[in-house]
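Residue 47 in the UniProt record's numbering sits at position 47 of the sequence shown, with consecutive numbering throughout.
Note that CB positions come from ideal geometry on N, CA and C, so glycine has one too.
Predicted model, so just to flag it, every value in this text is computed and none were measured.
Just below is one structure, and these are the notes that go with it.
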Amino acid sequence: MSPTSETAHGGRRLVIVESPAKAKTIKGYLGPGYVVEASVGHIRDLPNGAAEVPAKYKGESWARLGVDVDHDFEPLYVVNSDKKDQVKKLKQLLAESDELFLATDEDREGEAIAWHLQEVLKPKVPVRRMVFNEITKDAIRAAVSNTRELNQRLVDAQETRRILDRLYGYEVSPVLWKKVMPRLSAGRVQSVATRLVVERERERIAFRSAEYWDLTGTFTAGDPAAPTAGDPAAPTAGDPAGFTARLTTVDGRRVAQGRDFGPDGRLKGESNVLHLDESAARALAGALEGADFTVRSVESKPYRRSPYAPFRTTTLQQEASRKLGFGAKVTMQVAQKLYENGFITYMRTDSTTLSDTAVAAARAQVTQLYGADYLPDRPRTYASKVKNAQEAHEAIRPSGDRFRTPAETGLTGDQFKLYELIWKRTVASQMKDATGRSVTVKVGGRCAADGGQWAGRDAEFSASGKIITFHGFLKAYVESTDDPGADLDDRERRLPQVTEGDPLTATEMSVDGHATKPPARYTEATLVKELEEREIGRPSTYASIISTILDRGYVFKKGTALVPSFLSFAVVGLLEKHFGRLVDYDFTAKMEDDLDRIAAGEADAVPWLRRFYFGTDEPGAGTAAAADAGNGDGDHLGGLKELVSDLGAIDARGVSSFPVGEGIVLRVGRYGPYVEEQPKTEGETGRRADVPADLPPDELTVEYARELLDRPSGEVALGTDPDTGRAIVAKAGRYGPYVTEVLPEGTPKTGKNAVKPRTASLFKSMSLDTITLDDALKLLSLPRVVGTDPESGEEITAQNGRYGPYLKRGTDSRSLQSEEQLLTITLEEALAIYAQPKQRGRAAAKPPLKELGTDPTSERPVVVKDGRFGPYVTDGETNATLRRDDDVETITPERAYELLAEKRAKGPAKKTAKKAAKKTATKKTATKKTATKKTATKKTATKKTAAKKTATGKKTAARTTSGPSDSE
1 MSPTSETAHG GRRLVIVESP AKAKTIKGYL GPGYVVEASV GHIRDLPNGA
51 AEVPAKYKGE SWARLGVDVD HDFEPLYVVN SDKKDQVKKL KQLLAESDEL
101 FLATDEDREG EAIAWHLQEV LKPKVPVRRM VFNEITKDAI RAAVSNTREL
151 NQRLVDAQET RRILDRLYGY EVSPVLWKKV MPRLSAGRVQ SVATRLVVER
201 ERERIAFRSA EYWDLTGTFT AGDPAAPTAG DPAAPTAGDP AGFTARLTTV
251 DGRRVAQGRD FGPDGRLKGE SNVLHLDESA ARALAGALEG ADFTVRSVES
301 KPYRRSPYAP FRTTTLQQEA SRKLGFGAKV TMQVAQKLYE NGFITYMRTD
351 STTLSDTAVA AARAQVTQLY GADYLPDRPR TYASKVKNAQ EAHEAIRPSG
401 DRFRTPAETG LTGDQFKLYE LIWKRTVASQ MKDATGRSVT VKVGGRCAAD
451 GGQWAGRDAE FSASGKIITF HGFLKAYVES TDDPGADLDD RERRLPQVTE
501 GDPLTATEMS VDGHATKPPA RYTEATLVKE LEEREIGRPS TYASIISTIL
551 DRGYVFKKGT ALVPSFLSFA VVGLLEKHFG RLVDYDFTAK MEDDLDRIAA
601 GEADAVPWLR RFYFGTDEPG AGTAAAADAG NGDGDHLGGL KELVSDLGAI
651 DARGVSSFPV GEGIVLRVGR YGPYVEEQPK TEGETGRRAD VPADLPPDEL
701 TVEYARELLD RPSGEVALGT DPDTGRAIVA KAGRYGPYVT EVLPEGTPKT
751 GKNAVKPRTA SLFKSMSLDT ITLDDALKLL SLPRVVGTDP ESGEEITAQN
801 GRYGPYLKRG TDSRSLQSEE QLLTITLEEA LAIYAQPKQR GRAAAKPPLK
851 ELGTDPTSER PVVVKDGRFG PYVTDGETNA TLRRDDDVET ITPERAYELL
901 AEKRAKGPAK KTAKKAAKKT ATKKTATKKT ATKKTATKKT ATKKTAAKKT
951 ATGKKTAART TSGPSDSE
């Protein structure tokens, strides 16, 4: 079937894709006989709250879940309220079409969207499933000519996941509401991901730093002025005869390094490791002064490094994080745009396979750009390492049968950067290995006879080198590493040409002190890597999982590191103690295996869901039985319904309390974390102090907790106002510190005669620690009358407003430069300000609060500025507001670049549609007035018929409100 031909009777074909951007691109590749329209994602889902449940089902015991757990877990689907108009449009287009092409993505999610479209639209014309992996002219036309049937197995697999996540989220989240805090959520993967971050922080809290010392020797071989040797096995850099080597053993005992110490700061079990302290290291260095050193061994072996596999979803997220500073969410947003506009293949994939067309295109560019010497004799193939990969199509690569170089794409900004990354990785995957040689040199010497405790001891040093004789794929691409101190693959370390037995001279012997470091916090890249290695969740969902735990306040960012909040400690602690198996790593991975078995047709969904939810294969048989919710290995777990049925055993205060030490406890309250000191005597109330929400948990020490407790809190009595006789106090309020007066007993606070106390916020330069009575009285005097304008006779006042300090004369306001001017400005100074022409539009730009360097994408300087709605970062083109957990003083350049990248990925803000809405409303009103009674009657009848149709099944209704989270 030719994509440009029409049906014999002149009909047309309706093609439905997910996104408007994709629809626009595909429309250009099809002829006039095709109408391409977007569903705009899912058109229906499980009800998201009681308000969405149709009246017919509201009395059912399972209605809140949206899943009939008593009848084979039948889902209740409702049409999303924001998709009703789109569904109506699709139905109208379908009524005018002779064929329907469902062209959603070729994965579980896409297959499910296609099935839902078919169920809702109920087409009476032929339906074809159209799939493609890239949006190019040839690929789209081939997809039109090679359609298939819907894959019901994929649909069932996605539906089972959706039901499982709904049961998990809707049953466990309410427990968190009751026992920790309202509006929290639990999820099959998000809770496990949060636990990983929390456990890493626990390791950091338990960590105790240990100190160790070692020696580094600088050695020379032969004549330093001698020419450099040409043997590639022993190349040199800098001083041709000089190299450094690190002390490795003393009398055969290995010198301790950081890896030999545990979190407690003590050496691990090896008794033969030599732990040097500073004094011992310095004494050893002294004993080696003037010693004779020789080369004890030279080990040379070939070096070979093969290319990295082409990108799949997770490796793209990791490398974009390391190289470009993109979060997983930003990476997927940018990749989505590249895919929809035809630049790359589908970006949600577990596969590292390249099609024959892609291999040919990559090999052609290798020859064109690097020469035939860099092209291997045979194409390279890569096998996927992802277990039960279900979403695999092809690796992420440039689209088409000829790859466009980055310069040929016309892309800019983040899209250019990400395309370039994908292009380089794809081309490099079809290049030759990098080859060379690696060398290890062992150097030995003996301490002087008068060397004290080290007299006569044998010391051995080691140095490693690497030379690359043929760079191969490294000419095109070098992968980054999560360890900033690690050498990259293209890094060479050259050693001089030496042979066993050569004498060496130690020109310097330096003593180096080190301290062990706590385990590094996860970044988005390393958390994605950890989840994938543990086989938890699906790689295509990791970006949304990380976004969820950030949005929920379980995790915040400090630079690129993911830091757990104190709230997440309470949530994870509760889940571990009372729902241990649900956040067990192996159990969660085992559930993923079960879902894959169901997708492969090797297991049935309904019995598995019964075991998970009820604890038995029989529906409605109660909750007492244990359930094998794994792979039949004998691990048993009571049904989920049983687990959430008895909440009396959960101590709400206990799960939200964590000892800090010395009688101080951290508690997670409804308004945030705080520390509480146990009272010293019975009947006393312990002191409390709020804990900064952005404080990393490992930084809450006993000393810092006492500092918080010692800070002024509550009321600080400042004295008495001599004019009114009322007490003046300073307080820490919800919106910052302020001063106020205390009204006498009996003063009416409500009604006609109510008296309101004078109140004023502290200036930014003031604090509760330093505020005085005189300062408070000045603040309470605001707004202050500066004087009277002699020309107009109008009073000029100085006031503090929402947008800062200003002068007011009648209706004419002028901004002041600082809050202090409110108390000091004179009438003459005020008149001088009014004598200047009034600024129209924006006021003069404020100087930046902080400079952060050059953005790697826009290549423009990035600064932090103070805006109308708080501080923000900007490169002059893009502005991004700082998040709740960001601080002006501590924000890093990397964090600023990430905020800007995320803002760019979202695109420009949409304009409001007030005018359009007003016109529509006017039009509807006019239509309503001119409508006949007959028409109105007809509309009513139609509405009743539609309502009746909606009530006949479980598959269609309206969507309006939100409920507990049931995402992964």
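One or two residues paired with residue i in a DSSP bridge
i      : result
Thr249 : Arg254 and Glu460
Ala570 : None; Ala570 has no bridge partner.
Lys749 : Per DSSP, none; premise fails for Lys749.
Lys865 : Tyr872
Lys329 : Answer by DSSP bridge pairing: none, since Lys329 is not bridged.
Trp454 : Answer is none; Trp454 lacks a bridge partner.
Arg44  : Val79
Val473 : For the sequence presented, residue 473 should be read as Phe rather than Val. DSSP output for Phe473 lists no bridge partner at all.
Trp213 : Gly513
Phe243 : Phe219
Tyr674 : Arg667 and Asp690
Cβ neighbour criterion (16 or more within 10 Å) applied to residue i
i      : result
Glu18  : buried
Gly465 : buried
Ser645 : exposed
Gly252 : exposed
Pro692 : exposed
Gln430 : buried
Pro744 : exposed
Val15  : buried
Thr930 : Bear in mind that a pLDDT of 45 at Thr930, under 50, signals an unreliable position, so the number given afterwards is only what the model happens to contain. Thr930 should be labelled exposed.
Ala234 : With a pLDDT of 44 at Ala234, under the threshold of 50, the modelled position of that residue is not reliable, and no figure is offered here.
Val255 : buried
His514 : exposed
Lys943 : With a pLDDT of 42 at Lys943, under the threshold of 50, the predicted position of this residue should be treated as unreliable, though the coordinate-derived value follows. Lys943 is exposed by the Cβ-count criterion.
Gly445 : buried
Asn48  : buried
Glu524 : buried
Asn146 : exposed
Asn631 : Only weak support exists for where Asn631 lies, its pLDDT of 38 falling under 50; the value from the coordinates is given anyway. Under this definition Asn631 is an exposed residue.
Leu369 : exposed
Arg611 : buried
CB of residue i within 8 Å of CB of residue j, strictly
i      : j      : result
Leu643 : Phe587 : no
Val563 : Gln318 : no
Ala880 : Glu902 : yes
Pro737 : Leu324 : no
Thr44  : Val120 : In the sequence as displayed, the identity of residue 44 is Arg instead of Thr. Yes, they are a contact pair.
Gly400 : Thr25  : no
Arg552 : Ser185 : yes
Glu677 : Leu709 : yes
Ala428 : Ala476 : yes
Leu76  : Val69  : no
Thr349 : Ile396 : yes
Arg425 : Pro310 : yes
Ala291 : Ala448 : yes
Minimum C-alpha distance to residue i - residue among the options
i      : options                           : result
Glu159 : Pro679, Asn753, Val606 and Leu768 : Val606
Arg493 : Lys475, Ala727 and Ile468         : Ile468
Glu393 : Lys88, Phe132 and Val873          : Looking at the sequence shown, residue 393 is not Glu but His. The option with the nearest alpha carbon to His393 is Phe132.
Ala221 : Arg204, Gly242 and Asp214         : Gly242
Pro673 : Val660, Lys680, Thr685 and Pro679 : Val660
Glu829 : Glu420, Ala395 and Thr797         : Thr797
*Report yes or no: do three or more beta-carbon pairs, one from the region 196-211 and one from the region 596-614, lie closer than 8 Å?*
no
*Are there three or more Cβ pairs, one per stretch, closer than 8 Å when the region 507-514 is compared with the region 178-190?*
no
*Stretch-stretch touch, CB-based, cutoff 8 Å, three pairs: the region 440-454 with the region 295-302*: The answer is yes - the region 295-302 touches the region 440-454, with three or more Cβ pairs under 8 Å.
*Examine the Cβ distances between the region 407-416 and the region 333-341 and report whether three or more of them are shorter than 8 Å.*
Touching, per the Cβ criterion.
_Count Cβ pairs between the region 364-374 and the region 322-336 that sit closer than 8 Å; are there 3 or more?_
no
_I want to know whether the region 555-574 touches the region 161-173 - three or more CB-CB distances under 8 Å._
no
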